[in-house]
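Heads up, the thing below is written out as structure tokens.
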Amino acid sequence: MRHRRPAWHVATVVETRPETPNAVRLVLDVPTWPGSEAGTHLDVRLTAPDGYQATRSYSVATSEPGRVVLGIDELPDGEVSPFLVREVLAGDELEIHGPLGSYFVWRPGQSGRPVQLIAGGSGVVPLYAMAAAHAAASDPSPFRLLYSVRTPAYVYFRDELAALAGPSFAVDHVYTRQAPPGWDEPAGRLTRDSLASTTFAPHERPRIFVCGSTGFVETVVAWLLELGHAAHDILTERFGGL
Amino acid sequence: MTTRLDGNVLAGALAHLFVPDATDLRARCTNCGRVAPIAEAVVYADAPGLVARCRSCDHVLAAIVDAGDKVYLSLSGLSAIALPK
Ligand SMILES: Cc1cc2nc3c(=O)[nH]c(=O)nc-3n(C[C@H](O)[C@H](O)[C@H](O)COP(=O)(O)OP(=O)(O)OC[C@H]3O[C@@H](n4cnc5c(N)ncnc54)[C@H](O)[C@@H]3O)c2cc1C
Ligand SMILES: [Zn+2]
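Pasting the structure below:
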């Protein structure tokens, strides 16, 4: 699977269903898809009747051949995401290019060091793929996910993440707008202190994957460095935005 | 608008090169000498095409412009790209 040359594929939408109040999960049937490493993305290319094309990148939540699951957030003023979230129907075809990227990737058996995943919103998609690959490979390295979302309704892959949680995979949530009833922390943005208390400490030498909007990633990386993590242990995937 | 992405996003555009994935290749910035995977560059996708800048010194490392029938690739800010054997 490693170092497979990416190719263009025709994907057929099998299912589109609400994932959060402003996101869908797209399940694609792609007979030529070779499978992908956890953390990779693909490019979706839309072509208008007049030939105008727009391409955007989306992370792949799955790893097996023939089938691709995407999680897509709608940016109301966006060019591509409102189409994918609102207009696409089961049976539609999409052009996709991939699998892409071999840098922001987690591979089983690579290292026994702990792995810290840090997601903001839809940034959880590639990190969910890593957590699922970790479980599928029964890899012994300890995994932890810190997941920042607006409210409990905005959690992607809620049931799947709950099912993966166990002795070697812990999930911590930060709710920025509204916490669930009975939650012991008030809703509010992630802070450097809450980041420090819900992630592996620098002396545990975790490898850290951070993914989300560009602003989220830059804030988190600056704090991780201040807390004493080494720059070369932090891998990032910026989704865009501020 | 100047949205900053990571060099990871170049993987699709660089897929024409003769390696399966160019974004994990290490390359040197001609300006400051930093050697790092291309995936660690700062990418501006709002410019015409994609512009990759050095994360240390902001020097332009590479630019990719889609001209319809061709794609132009400039690697003017990169010296010595390490290729797998
Ligand atoms: C490697 C990679 C993987 C990605 N994976 C996913 C994924 O799994 N799920 C997903 O939903 N998105 C993902 N994205 C983001 C996605 O590629 C698009 O940028 C996003 O869907 C917006 O496209 P658009 O055409 O709707 O908006 P555009 O028309 O491109 O932009 C509209 C406005 O929104 C701003 N903007 C662009 N992106 C964001 C953002 N992420 N957050 C906030 N503001 C933004 C722009 O600066 C602009 O002002 C990924 C991006 C990259 C680089
Ligand atoms: Zn430089």
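Chains P and Y supply the protein sequences, listed in that same order.
Per the UniProt record's numbering, the very first residue in the first sequence carries number 1; after that it's consecutive.
Per the UniProt record's numbering, the very first residue in the second sequence carries number 1; after that it's consecutive.
Built from N, CA and C at the ideal position, the CB exists for glycine as well.
Since the model is a prediction, treat every value here as computed from it, not as a measurement.
Residue i beta carbon near ligand 2 (any heavy atom closer than 6 Å)
i        : result
Y/ARG34  : yes
Y/HIS16  : no
Y/SER76  : no
Y/SER79  : no
Y/SER56  : yes
P/HIS229 : no
P/HIS203 : no
Proximal residues to residue i (C-beta, below 7 Å), its chain only, five neighbours per side dropped
i        : result
P/HIS9   : VAL30, THR32, TRP33 and ILE96
P/PRO6   : HIS97, GLY98, PRO99 and LEU100
P/ASP73  : ASN22, ALA23, SER81, GLY121 and SER122
Y/THR2   : TYR44 and ASP46
P/PHE200 : PRO114, GLN116, ARG144 and PRO206
6 Å Cβ shell around residue i - same chain, five flanking residues per side excluded
i                      : result
P/ARG189               : THR176
P/PRO152               : PRO180
P/SER36                : VAL60, SER63 and PRO99
Y/SER76                : none
P/ALA217               : Looking at the sequence provided, one finds Val at residue 217 of chain P rather than Ala. For P/VAL217, where only same-chain residues beyond five positions count, the Cβ hits under 6 Å are VAL210, THR236 and ARG238.
residue 268 of chain P : This structure does not reach residue 268 of chain P, given that chain P is present from 1 up to 242, and the question cannot be answered.
P/GLY241               : SER213 and THR214
P/TRP223               : ARG192 and LEU195
P/ARG150               : THR176 and ARG177
P/TYR154               : THR20
P/PRO142               : PRO114 and SER168
residue 104 of chain Y : As displayed, chain Y neither begins before 1 nor continues past 85, which places residue 104 of chain Y out of reach and without an answer.
Close beta carbons around residue i, own chain, < 8 Å, minus the five adjacent residues each side
i       : result
P/GLU93 : VAL10, ALA11, THR12 and VAL13
Y/ARG4  : VAL42, VAL43 and TYR44
Y/ASN31 : CYS54, CYS57, HIS59 and GLY77
P/THR16 : VAL24, ARG25, LEU26, VAL27, VAL88, LEU89 and ALA90
P/PRO65 : TRP33, PRO34 and GLY35
heavy atom of ligand 1 below 6 Å from residue i C-beta
i        : result
P/LEU213 : Looking at the sequence shown, residue 213 of chain P is not Leu but Ser. The answer is yes for P/SER213.
P/ARG56  : yes
Y/VAL9   : yes
P/THR20  : no
P/LEU94  : no
P/HIS97  : no
P/GLU79  : yes
P/PHE157 : no
P/SER194 : no
P/THR176 : no
P/PHE239 : yes
Y/LEU5   : yes
Integer Cβ distance of residue i from residue j, believed to fall under 8 Å
i        : j        : result
P/ARG56  : P/VAL80  : 5 Å
P/ARG144 : P/GLN110 : Not really, about 17 Å apart at Cβ, beyond 8 Å.
P/GLY71  : P/ALA133 : Not a contact, Cβ separation roughly 16 Å.
P/PHE157 : P/PRO126 : Not confirmed; about 12 Å, so no contact.
P/ASP43  : Y/GLY12  : 4 Å
Y/LEU25  : Y/ILE38  : 6 Å
P/PRO202 : P/LEU227 : 6 Å
P/ALA38  : P/ALA129 : 4 Å
Y/ALA52  : Y/ALA62  : 4 Å
CB contact below 7 Å: residue i versus chain A
i       : result
Y/VAL65 : In the structure shown, chain A cannot be found, because the protein chains are P and Y.
Length-filtered (4 minimum) alpha helix (DSSP H) runs lying within the region 25-61 of chain Y = none
query = Name the residues in the region 212-232 of chain P whose C-beta lies less than 7 Å from a C-beta of chain Y; which are they?
reply = THR214
query = Given a limit of 7 Å on CB to CB distance, which residues of the region 91-105 of chain P reach chain Y?
reply = HIS97, LEU100, GLY101, SER102, TYR103 and PHE104
task = For the region 46-57 of chain Y, enumerate the residues whose C-beta is nearer than 9 Å to any C-beta of chain P, in chain order.
result = none
Interface positions of the region 11-39 of chain Y facing chain P (Cβ-Cβ less than 7 Å), listed along the chain = ALA11, GLY12, ALA15, PRO20, ASP21, THR23, ASP24, PRO37 and ALA39
Unbroken stretches of the beta strand (DSSP E), 3 residues or longer, contained in the region 59-140 of chain P = 67-73, 93-100 and 115-120
Every unbroken beta strand (DSSP E) within the region 199-227 of chain P, with a cutoff of 3 residues, ordered by chain = 207-212
request  = May I ask you to list, following chain order, the residues of the region 53-72 of chain P that have a beta carbon less than 8 Å from some beta carbon of chain Y?
outcome  = THR55 and SER57
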